[in-house]
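Enquirer: After the structure tokens below, expect a handful of questions from me.
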Amino acid sequence: SRFPGANRSDANTQTLLTGPVNATSASQFYETLLDNKQYWRQELRAEGMMELKLPSPSTTNGTWLKTQALHSIVRSMITRQNTWEPRYGVCPGFGASNFYGLQDVFTTTATAALEMGAMPYARGVIDYQFKHYIRPDGMVWYVAVELAATARMLTVLAKFHTYSGDDGLLLEHFAKAKALAELLEARRSSSMQFGAEDARYGIPVGGIDAQHDSQSTPLLMNHDEQPLHWYASAAETYRAFTDIGEVWSTIGNRSGRADVIAHGAELLKIAPLLYSDLHVSMNRTVNMSSSGERCWALAAETKQQARGEATFRGYSELLYSGALTAAQADDIYKAASGGTSCGAKRFLTLGSPGIGGTTIATPTAYGFAHALLQHDRVEKFLLHFFAVSAHGYTRGTFTTPESSDVGNRDVAPAQYVSAGVVLVPTYLKWMLCFEEPQTRTLWLGKAVPRDWLVSGEAPLVAENVTTRYGRISFSLRVSAGSSYSVQANVTLPSSFVSKPPAGGIRLRIRAPLAHAGRLSKVTVGGQAWSAFDAAEETIDIAASQLTPALIATGLPEIVASFGATTAAPLRAALLNPDHRVVPTA
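Following this line, the structure appears as structure tokens:
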């Protein structure tokens, strides 16, 4: 419905759909094709998305990734009916109306739109979801409650506000958002009956996979079983209450709404309790394998579902929350890769989650990428990113099957799903600009491929990039000359002075392997800058250093020089050159 004439039955539209049938209609076909191109040019310009110019070596083609990201957003848009009505897929496949309310369609689409900077699209998706798919009592119009995904809807709402500053939309939907939070809190409160010594204490009760999990809701529950207390629900609710609680406090104070202020304060009070109870419970249920590895459970009960969908979904949502430690995330990744004797079903293929065997699934993969970046496992993130780009999408049309078997191409993939098509735009933004959720450190260039900073490559330019502190731009350019150096330009709005990221800014320069670890000198605005780390490949700007003068004349002129005689020892997670999957046309 998002192309000219989609809701018309005129001759031009018919020609576009069926193709020219004679010489006369050929002109009509190309006229309509031109109209379509001009429409999308105007539509995408109006979205105000970030603008990218990326290096394009044959190994990791940035132009390909940019094109794939842009077409993925368009694919997401045209999947929706009547502009905003969500669909999980199309017919034949997942186009039936019973899939429309799936929470993952909302959370993934809105997140990608926000990360790409498509604010009108993000606003429309959020507004439609809260108007039509969230009930006044906080329940979601779907076959069952996916509790962790329901919590993430609040995280998305908070991200929209921090990126846009739009108080009006959030106040319009405050009653439903509050009811949704109260539903999550009621599920948490019900677990208090078990007492603080019970592993279920403080963990919200309910399902995580509405299509397959019979324990998602009492209406679908097998009455011989009890609903489980999934850790993903506690983790995602912790992040949701933290993020939306801060937002409600801000909006309430600006609007003079005492009820909004009180609700925000209540959520911020509960959030650290959720975090504490989550870790206490996980440490109670963790098992040691015969080889001494830590095996983390998915739920507080000893009996857990063995379905593959619940397994990779539950771990992915745990990882997306930002609530796990680096050690916990590493343990889960290793077990999911089949690298432990935990007895867990191996479900990572090329570092990407799937249902099993050699499959890659797209709808719920986001948490693995998020945690890998959060804990600075850059090479594993790139493996996952490029594997999804090359194998999770169809070539040319950028369509994402729900899952596909990369080990056996004779096995037909599942049908298209819209919750997976926005993986690449989301990952591309995170690769370039990522905020660590716990420390609130704003990373620039955190996972840039080393081949993008080879001498002679085109500069990396990212403009109009969304952050919770305002839109930013930055560029990385390798200087010509006999010695290797990189010029960086970081352009920040004045809002960074009054509202800086608490963890400051970390600019990473992932130089080619010949120069990795040899960062020897940094200047900012022509002045020597000592806050850099050759081993971490970072240049650090603390929040307190973000003065008007530094923003105006310092950060736009950063020079990183490489030439140390001895290379600092980089961590394996930053250095390993073997994890390469080449996206090809």
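Okay, so the sequence shown: first residue is 14 according to our numbering, each after it adds one. Where is the CB? At the ideal position from N, CA and C, for every residue including glycine.
#1: Please name the residue in S486, V491, R481 and V478 whose C-alpha comes closest to that of S468.
#2: Mark E159 as exposed unless 16 or more other C-beta atoms lie within 10 angstroms of its C-beta, in which case mark it buried.
#3: Can you tell me the Cα-Cα spacing of S71 and E470, whole angstroms?
#4: Is N74 helix, strand or coil when you go by DSSP?
#5: So, with DSSP's three-state summary, where would you put H383?
#6: Just tell me which of Q540, S533, A562 and E549 has its CA closest to the CA of A577.
#7: Using the Cβ count rule (16 or more neighbours within 10 Å means buried), how would you classify L286?
#8: Given T124, which residues of its chain have a CB within under 8 Å of its CB, disregarding the five upstream and five downstream residues?
#9: Mind checking S507: buried by the 16 CB within 10 Å criterion, or exposed?
#10: Between the region 261 to 280 and the region 305 to 313, are three or more C-beta pairs nearer than 8 Å?
#11: Quick check on K459: does DSSP put it in helix, strand or coil?
#12: Residues in the same chain with beta-carbon distance under 8 Å from L291, minus the five sequence neighbours each way, listed in chain order, please.
#13: Does the distance from the CB of G130 to the CB of G61 come in under 8 Å?
#14: Which whole-angstrom value describes the C-beta separation of T454 and G516, a residue pair presumed to lie in contact below a C-beta threshold of 8 Å?
#15: Is G539 buried or exposed, if buried means 16 or more other CB atoms sit within 10 Å of its CB?
#16: Taking the C-alpha atoms as reference points, what is the distance between A36 and A427?
#17: Which of the three DSSP states, helix, strand or coil, is assigned to E279?
#18: Return the chain-ordered list of same chain residues with a C-beta closer than 8 Å to the C-beta of E550, the five sequence neighbours on each side being excluded.
#19: Which residues does DSSP pair with K66 in a beta bridge?
#20: Which residue spans inside the region 499 to 573 form an unbroken beta strand (DSSP E) run of at least 3?
#21: What residue does the beta strand (DSSP E) around E448 start on, and which one ends it?
#22: Would you report the Cα separation of Q116 and A541, rounded to the nearest angstrom?
#23: Can you round the beta-carbon distance between E314 and H242 to whole angstroms, since I take them to be within the 8 Å contact cut?
#24: Apart from the five residues just before and just after F545, which ones in its own chain have a Cβ nearer than 8 Å to its Cβ?
#25: Mind checking K191: buried by the 16 CB within 10 Å criterion, or exposed?
#26: Tell me Y141's beta-bridge partners as DSSP assigns them.
#27: With which residues is D418 paired in a DSSP beta bridge?
#28: Apart from the five residues on each side of it in sequence, which residues of its chain come closer than 7 Å, Cβ to Cβ, to F575?
#29: From the DSSP secondary-structure annotation, give me the bridge partner or partners of M132.
#30: Put Y155 into one of helix, strand or coil per three-state DSSP.
#31: Between the region 391 to 407 and the region 361 to 372, do at least 3 Cβ pairs fall closer than 8 Å?
#32: DSSP three-state label for N95, please.
#33: Using only the alpha-carbon positions, how far apart do P462 and H388 sit?
#34: In terms of residue numbering, what span does the alpha helix (DSSP H) encompassing S5 cover?
#35: Compare the beta carbon distance of I139 and L182 with 8 Å and say whether it is the shorter of the two.
#36: Hey, quick one: how far does the alpha helix (DSSP H) through A580 stretch, first residue to last?
Expert: Walking through what the data contain:
#1: On the sequence shown, residue 468 is found 455 positions in, with the first residue counted as 1. Per the C-alpha coordinates, the member of S486, V491, R481 and V478 positioned closest to S468 is V491.
#2: Taking the first residue of the sequence shown as 1, we reach residue 159 at position 146. Around the beta carbon of E159, a 10 Å sphere encloses 16 or more other beta carbons of the protein chains shown; the residue is thus reported as buried.
#3: Numbered from 1 along the sequence shown, position 58 holds the residue referred to as residue 71. Numbered from 1 along the sequence shown, position 457 holds the residue referred to as residue 470. Their Cα atoms are separated by approximately 11 Å.
#4: Along the sequence shown, one-based indexing puts residue 74 at 61. For N74, the secondary structure class from DSSP, reduced to helix, strand or coil, is coil.
#5: For the purposes of this step, residue 383 is identified with residue 370 of the sequence shown, where counting begins at 1. Residue state, collapsed to three classes: helix.
#6: By 1-based counting over the sequence shown, the position of residue 577 is 564. Considering only alpha carbons, the answer is S533.
#7: Taking the first residue of the sequence shown as position 1, residue 286 is located at position 273. Exposed, by the Cβ-count rule.
#8: In the sequence shown, the residue the question calls residue 124 occupies position 111. The answer, listed in chain order, is V169, K172, Y379, V435 and T439.
#9: Looking up residue 507 in the sequence shown gives position 494. Taking all protein chains in view, the Cβ of S507 is surrounded by fewer than 16 other Cβ atoms within 10 Å, so the residue is classified as exposed.
#10: Fewer than three Cβ pairs drawn from the region 261 to 280 and the region 305 to 313 lie within less than 8 Å of each other, which leaves the two stretches out of contact.
#11: Within the sequence shown, the letter at position 446 stands for residue 459. Correct three-state label for K459: coil.
#12: Translated into the one-based positions of the sequence shown, residue 291 becomes position 278. Around L291: G215, I216, Y244, A247, A248, Y251 and A336.
#13: Here residue 130 refers to the residue found at position 117 when the sequence shown is read from its first residue. Here residue 61 refers to the residue found at position 48 when the sequence shown is read from its first residue. In contact: G130 and G61 (Cβ atoms closer than 8 Å).
#14: In the sequence shown, counting from the first residue as 1, residue 454 sits at position 441. In the sequence shown, counting from the first residue as 1, residue 516 sits at position 503. Cβ-Cβ separation between T454 and G516: approximately 3 Å, consistent with a contact (criterion under 8 Å).
#15: Taking the first residue of the sequence shown as position 1, residue 539 is located at position 526. Looking at its Cβ environment, which holds fewer than 16 other Cβ atoms inside 10 Å, G539 is exposed.
#16: Your numbering for residue 36 matches position 23 in the sequence shown. Your numbering for residue 427 matches position 414 in the sequence shown. Note that A36 scores a pLDDT of 49, beneath 50, so its modelled location is shaky and nothing firm can be said.
#17: Taking the sequence shown and counting its residues from 1, one reaches residue 279 at position 266. It is helical.
#18: Position 537 of the sequence shown, counting from 1, holds the residue named residue 550. For E550, where only same-chain residues beyond five positions count, the Cβ hits under 8 Å are R521, I522, R523, A524, A529, G530, L532, L583 and L587.
#19: For this step, residue 66 is matched to residue 53 along the sequence shown. Bridge pairing for K66: V474 [DSSP].
#20: Runs of the beta strand (DSSP E) inside the region 499 to 573: 518 to 521, 532 to 537 and 551 to 554.
#21: Translated into the one-based positions of the sequence shown, residue 448 becomes position 435. C446 to E448 is the span of the beta strand (DSSP E), which, as asked, contains E448.
#22: Residue 116 sits at position 103 when you count from the first residue of the sequence shown. Residue 541 sits at position 528 when you count from the first residue of the sequence shown. Between Q116 and A541, the C-alpha separation is close to 50 Å.
#23: Position 301 of the sequence shown holds residue 314. Position 229 of the sequence shown holds residue 242. Contact between E314 and H242 holds: their C-beta atoms lie close to 7 Å from each other, under 8 Å.
#24: To locate residue 545, count along the sequence shown from 1; it is residue 532. Excluding sequence neighbours, F545 sits near L532, V535, T551, I552, D553 and A573.
#25: By 1-based counting over the sequence shown, the position of residue 191 is 178. By the 10 Å Cβ count, K191 comes out buried.
#26: For the purposes of this step, residue 141 is identified with residue 128 of the sequence shown, where counting begins at 1. Residue pairing of Y141 in beta bridges, as defined by DSSP: absent, with no partner found.
#27: Residue mapping note: residue 418 aligns to position 405 of the sequence shown, counting from 1. T372, per the DSSP bridge assignment.
#28: Counting from 1 along the sequence shown, the entry for residue 575 is found at position 562. Y497, S498, A524, H528, R531, L532 and S533, listed in sequence order.
#29: Within the sequence shown, residue 132 is the residue found at index 119, counting from 1. Bridge partners of M132: none, in fact.
#30: Here residue 155 is taken as the residue at index 142 of the sequence shown, counted from 1. Look at Y155 here: in three-state DSSP terms it is coil, with no helix or strand label.
#31: In short, these stretches touch, since the Cβ pair count reaches three.
#32: Along the sequence shown, read from residue 1 onward, the residue named residue 95 stands at position 82. In the structure shown, N95 sits in coil (DSSP, three-state: anything other than H, G, I, E or B).
#33: Within the sequence shown, the letter at position 449 stands for residue 462. Within the sequence shown, the letter at position 375 stands for residue 388. One Cα belongs to P462, the other to H388, and the distance between them is close to 17 Å.
#34: The structure shown does not extend to residue 5, since the chain is modelled only from 14 to 598, so the question has no answer here.
#35: Locating residue 139 in the sequence shown gives position 126, counting from the first residue. Locating residue 182 in the sequence shown gives position 169, counting from the first residue. Yes, the pair counts as a contact, with Cβ atoms nearer than the cut-off.
#36: Translated into positions along the sequence shown, residue 580 becomes position 567. Bounds of any alpha helix (DSSP H) do not take in A580, whose DSSP letter is neither H nor E.
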